[in-house]
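Below is one structure, written out as structure tokens; the observations come after it.
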């Protein structure tokens, strides 16, 4: 039986090992390397992630997770268009393709607490990069108007800011909370702004 030879460490090797150990510890502390093993549930998709924006490659927000975009509502039209479901409080950006329509992005939104928008097909007629709401509804960005209500235009825009604070949280999207328009998280509002010039079709479903 052959016994393994005893290992003799030289002083330079000991110093190098100590430096390496310290470096790994420091990198772990600042997040370059993992500071410890990941928990068994770290790969699970949380409930909050499930409500976030779904991009065409399956990414939700800033983190990449496997996701399936919610299906388009029935009778939501054809061709390049914006679709808003009143019941689901969700927006889809749909682009016509050679092999059929493709959902480029979908995200939750907050429509009106009032019954001021009926299902139908509309067209973007006006846009404002910055806008001010009526009454105490604050200021908003990326306002894309597609129809008119009794007292004001109705369209998509970012969550309004009043007295320096958003009037609702991102987590509240998916619940009707607006005075008439359709509120979106700012990155989603900008994406819709880029997607929907004047003349773009907007389909509203029940």
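Residue numbers (full-length UniProt numbering): 1 to 206.
Using N, Cα and C, we set each Cβ at its ideal position, and we do this for glycine too.
Just so you know, these numbers come straight off a predicted model, no measurement behind them.
- Counting along the chain, residue 185 sits inside no alpha helix (DSSP H), nor does DSSP assign it H or E at all.
- In this structure the segment 180-192 touches the segment 95-110; the number of beta carbon pairs closer than 8 Å is three or more.
- Here the alpha carbons of residue 53 and residue 180 stand approximately 22 Å from one another.
- Of the residues 139, 69, 127 and 122, the one whose Cα lies closest to the Cα of residue 165 is 139.
- In its chain, beyond the 5 residues on either side, 80, 102 and 104 have a beta carbon closer than 6 Å to the beta carbon of residue 95.
- For residue 106, DSSP records a beta bridge to 54 and 92.
- In this structure, DSSP gives residue 196 a state outside helix and strand, which the three-state scheme calls coil.
- The C-alpha of residue 93 lies about 7 Å from the C-alpha of residue 83.
- Straight-line spacing of the CA atoms in residue 118 and residue 86 works out to 9 Å.
- When secondary structure is reduced to three states using DSSP, residue 81 falls in the strand class.
- For residue 160 against residue 133, the beta-carbon gap comes to about 6 Å, under 8 Å, which counts as contact.
- At a Cβ-Cβ threshold of 8 Å, residue 198 and residue 114 do not count as neighbours.
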